[in-house]
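> Attaching a single structure in structure tokens format; questions to follow.
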Amino acid sequence: MTLAILKQMNPQVINWNSLAVMQQIVVSTPSTSLTDVVLTSNITSDMKLAFIAKVAPAAIQAWQTNKILPSLTMAQAILESYWGGSYLSVKVQNYFGIKASSSWKGPTISLPTKEYDINGNLYVESAKFRAYNSIADSIADHTQFLMASRYSNIIGLTDYKAATKLIQQDGYATDPNYTNLLQSIITAYNLTQYDVQAGAVVSPK
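Using UniProt numbering, you'd call the opening residue of the sequence shown number 1 and step up by one each time.
So this is what it looks like as structure tokens:
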């Protein structure tokens, strides 16, 4: 869905640049989710390189402080936020699609989102997502999110193939193709170079 279509569906919204957290808007069909809406489209090669450069320092720091592999962090940021152009990343600085559980005490935004059931069937549900003040806050919280026991098996991993496989098995995303998507991004943009910069011992490709 494009922003132009979304505007047509919601004439009551006067200023989309200042859409408030929790403001209600209309989504046309049950198969559509706001988390799929891209506010910044036509991502150029230069924009992709700029986004990688923007995310890299915090991703490297995540390894140095908590041993979360930089290539994993960066690939997730790229995939989950569509290079920083997604509705969640533009409006509430959520670059990883992290939902807000009952234990989350920070600000949230409620949006319809696509999920897959255990049989691989697609459905849409309304969910609360965490909201942040900056990309740095988003990356820092993503790191802490992965430090939970549910994802403890990826801490310290230096093989991106193992890390991307386990993060799907651990339940980070319901998309059955999530691991393949992450691995494709890592190889296409040589994100393992940031694992080397961080000081991680990278397994052979």
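All residues carry an ideal CB built from backbone N, CA and C; glycine is no exception.
Residues in its own chain within less than 7 Å of K165 by CB, not counting five upstream and five downstream?
Taking the first residue of the sequence shown as position 1, residue 165 is located at position 165. Closer than 7 Å at the Cβ level, and outside the excluded window around K165, lie T179.
> Run the CB neighbour count on D159, radius 10 Å, all protein chains shown included, and call it buried at 16 or more, exposed below.
The sequence position of residue 159 within the sequence shown is 159, counting from 1. When all chains shown are included, D159 counts as buried.
> Considering only residues of the same chain and omitting the five flanking positions on each side of T108, which have a CB-CB separation below 7 Å?
In the sequence shown, residue 108 corresponds to position 108, counting from 1. Cβ-Cβ distances below 7 Å link T108 to A100, K128, F129, R130 and A131 in the same chain, with the five nearest sequence neighbours on each side left out; the list follows chain order.
> Three Cβ pairs or more, each shorter than 8 Å: is that satisfied between the region 185-198 and the region 63-74?
The region 185-198 vs the region 63-74: in contact.
> Can you tell me whether D102 is helix, strand or coil according to DSSP?
The residue given as residue 102 occupies position 102 in the sequence shown. It is worth fixing the name first, because residue 102 is Ser in this sequence and not Asp. Coil at S102, not helix or strand.
> Could you compute how far the alpha carbon of Q61 sits from the alpha carbon of Q144?
For the purposes of this step, residue 61 is identified with residue 61 of the sequence shown, where counting begins at 1. For the purposes of this step, residue 144 is identified with residue 144 of the sequence shown, where counting begins at 1. If I take the Cα positions, the gap works out to 12 Å.
> Considering only C-alpha positions, which residue in the set K48, Q93 and N177 is nearest to I78?
Reading the sequence shown from its first residue, position 78 is the one you call residue 78. When only C-alpha atoms are compared, the closest one is K48.
> I'd like to know whether the C-beta atoms of S102 and P112 end up nearer to each other than 7 Å.
Counting from one through the sequence shown, the residue named residue 102 turns up at place 102. Counting from one through the sequence shown, the residue named residue 112 turns up at place 112. The answer is no: Cβ separation not under 7 Å.
> Grab me the residues of F51's own chain with a C-beta within less than 6 Å of its C-beta, minus the 5 sequence neighbours each way, in chain order.
Here residue 51 is taken as the residue at index 51 of the sequence shown, counted from 1. Hits under 6 Å: W83 and G84.
> If you count every other CB in all the chains shown that lies within 10 Å of the CB of G97, and 16 or more means buried, which is it?
For the purposes of this step, residue 97 is identified with residue 97 of the sequence shown, where counting begins at 1. Under this definition G97 is a buried residue.
> Within 10 Å of its beta-carbon, does D141 have 16 or more other beta-carbons around it, so buried, or fewer, so exposed?
Numbered from its first residue, the sequence shown carries residue 141 at position 141. Buried, since its Cβ has 16 or more Cβ neighbours within 10 Å.
> At which residue ranges does the region 72-157 contain complete alpha helix (DSSP H) runs of 4 or more residues, listed in the order of the chain?
Scanning the region 72-157 for uninterrupted alpha helix (DSSP H) segments of 4 residues or longer gives 87-92 and 135-146, listed from N- to C-terminal end.
> Looking at Y123 and D175, is the spacing between their C-beta atoms short of 7 Å?
One-based indexing of the sequence shown puts residue 175 at position 175. One-based indexing of the sequence shown puts residue 123 at position 123. Contact: no.
> Hey, how far is the Cα of A75 from the Cα of S149?
Within the sequence shown, numbered from 1, the residue matching residue 75 stands at position 75. Within the sequence shown, numbered from 1, the residue matching residue 149 stands at position 149. Roughly 22 Å separates the two Cα atoms.
> Using a C-beta cutoff of 7 Å, does K165 count as contacting chain C?
In summary, chain C is missing from the structure at hand, where a single protein chain is found.
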